[in-house]
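Following: one structure in structure tokens, then a few remarks.
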Amino acid sequence: MRIATFNVNGVNGRLALLLDWLGEAQPDVVCLQELKAPQEKFPQQAIAKAGYGAIWQGQSRWNGVAILAKGRDPVETRRRLPGEEEDEQARYIEAAVDGVLIGCLYAPNGNPIGTAKFDYKLGWLERLIDHAGELRDVDCPVVLAGDYNVIPEDKDAYKPERWLDDALFQPEPRALYRRLLGQGWTDAVRHLHPDETIFTFWDYWRNAFARNAGIRIDHFLLNAQALARLEAAGVDKDARARQGASDHAPVWLDLANG
DNA sequence: ATGTCAGGTCATACCTGA
């Protein structure tokens, strides 16, 4: 089973690119973030025509998450984190597909630091940790995939010093990410490629992609049962190279059949 | 300090979030 996570940065604005990529990559499951579309404007028909069932949580202008499954409908298990019933921001959706439980998340960016946005980021990650603590011991493979908006280590940034004042690189969110790992989750891409320079995001400024001036912020966290089935993982950099691409590349992993 | 996207609007130029 190939699972991909892709911050698409506008599911309608980049629909043609998304459909091309789906057709070529043929992932079995896709977690999408930054739909930037209200619930009723999710392009369900086009995605169904491409062969994918979908569940999604939309929001006007910002955020928005979806889970696609090839040839079947994801079985929804929740569409927001516990403890955020009053939170309007569409940042989490979860479903079972073929015996694997998949959480699709879009953590807050949190910039600028020292503002309510940064505090919201920390609180959101705390809620994610609480929920992940419940999911870790579910008796099936569990995959938490998405845009964590956290640069885990110095080697996950092209030039770490350039990110010192950025919310994605602050000690607090990085410590929360480590706390998550400490619960018993494994960062799949880093696990398989411990010493490689791997980026998943390159900003639109300063020719960042051509210079490979990127950061690694899109992650797959696996519980023990998912880790036992992990075969391969990587970044589909070609998708980022296209005209009109998202600023993120899709990240993927393969799980052995259970 | 700079720079580039998308989506939305008291819209056809400017705002926010990233």
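To get my numbering, take the position in the first sequence, counting from 1, and add 1291.
Where a beta carbon is used, it is the ideal one built from N, C-alpha and C, also for glycine.
On a predicted model such as this, the values are computed, not experimentally measured, just so you know.
The beta strand (DSSP E) enclosing residue i, as first and last residue numbers
{"i": "E1385", "result": "Y1383 to V1388"}
{"i": "R1370", "result": "That residue, R1370, is in no beta strand (DSSP E); it is neither H nor E in DSSP."}
{"i": "A1295", "result": "R1293 to N1298"}
Extent of the continuous alpha helix (DSSP H) to which residue i belongs
{"i": "R1469", "result": "P1462 to G1473"}
{"i": "A1479", "result": "A1479 to L1483"}
Beta-carbon proximity check, residue i vs residue j, cutoff 8 angstroms
{"i": "I1404", "j": "I1508", "result": "no"}
{"i": "N1354", "j": "D1538", "result": "no"}
{"i": "S1351", "j": "P1329", "result": "yes"}
{"i": "D1545", "j": "A1523", "result": "yes"}
{"i": "V1321", "j": "A1337", "result": "no"}
{"i": "G1349", "j": "A1398", "result": "no"}
{"i": "G1475", "j": "N1503", "result": "no"}
{"i": "R1293", "j": "D1319", "result": "yes"}
{"i": "Y1439", "j": "H1510", "result": "yes"}
{"i": "V1388", "j": "P1365", "result": "yes"}
{"i": "L1467", "j": "L1413", "result": "yes"}
{"i": "A1458", "j": "I1506", "result": "no"}
{"i": "R1536", "j": "L1313", "result": "One point to set straight first is that residue 1536 is Ala, not Arg, in the sequence displayed. No, these two residues do not count as a Cβ contact at 8 angstroms."}
{"i": "E1377", "j": "R1418", "result": "no"}
{"i": "T1491", "j": "V1434", "result": "no"}
{"i": "P1464", "j": "G1549", "result": "no"}
Identity of the residue in the options nearest residue i by Cα
{"i": "V1480", "options": "G1437, L1310 and L1419", "result": "G1437"}
{"i": "F1409", "options": "C1395, D1311 and Q1461", "result": "Q1461"}
{"i": "N1298", "options": "G1304, L1326, L1306 and M1292", "result": "L1326"}
{"i": "I1393", "options": "E1375, D1378, R1369 and N1402", "result": "R1369"}
{"i": "I1346", "options": "N1402, G1390, L1416 and Y1383", "result": "Y1383"}
{"i": "L1359", "options": "T1488, G1344, E1367 and E1375", "result": "G1344"}
{"i": "H1422", "options": "W1496, L1455, K1446 and R1470", "result": "R1470"}
{"i": "D1478", "options": "R1531, L1521 and E1315", "result": "L1521"}
{"i": "K1528", "options": "G1424, R1363, A1316 and R1305", "result": "A1316"}
{"i": "L1396", "options": "F1500, W1543, R1497 and A1357", "result": "A1357"}
{"i": "A1547", "options": "G1535, A1536, A1530 and A1517", "result": "A1517"}
{"i": "G1525", "options": "N1498, A1532, D1445 and T1488", "result": "T1488"}
{"i": "A1532", "options": "A1501, A1519 and R1427", "result": "A1501"}
Which residues DSSP lists as bridging residue i, in chain order
{"i": "A1360", "result": "V1320 and G1344"}
{"i": "I1393", "result": "A1386 and V1434"}
{"i": "F1492", "result": "I1506 and H1539"}
Near the ligand COA: residue i beta-carbon under 7 angstroms from a heavy atom
{"i": "D1311", "result": "With respect to small molecules bound, the structure shown includes none, and the ligand COA cannot be examined in it."}
Restricting to runs no shorter than 4 residues, where is the alpha helix (DSSP H) found entirely within the region 1396-1449?
1407-1426
What residue ranges within the region 1307-1353 form continuous beta strand (DSSP E) runs of no fewer than 3 residues, ordered along the chain?
1320-1324 and 1343-1348
As an exercise, report each continuous beta strand (DSSP E) stretch of at least 3 residues that is fully enclosed by the region 1501-1547, in chain order.
1509-1513, 1521-1526 and 1542-1546
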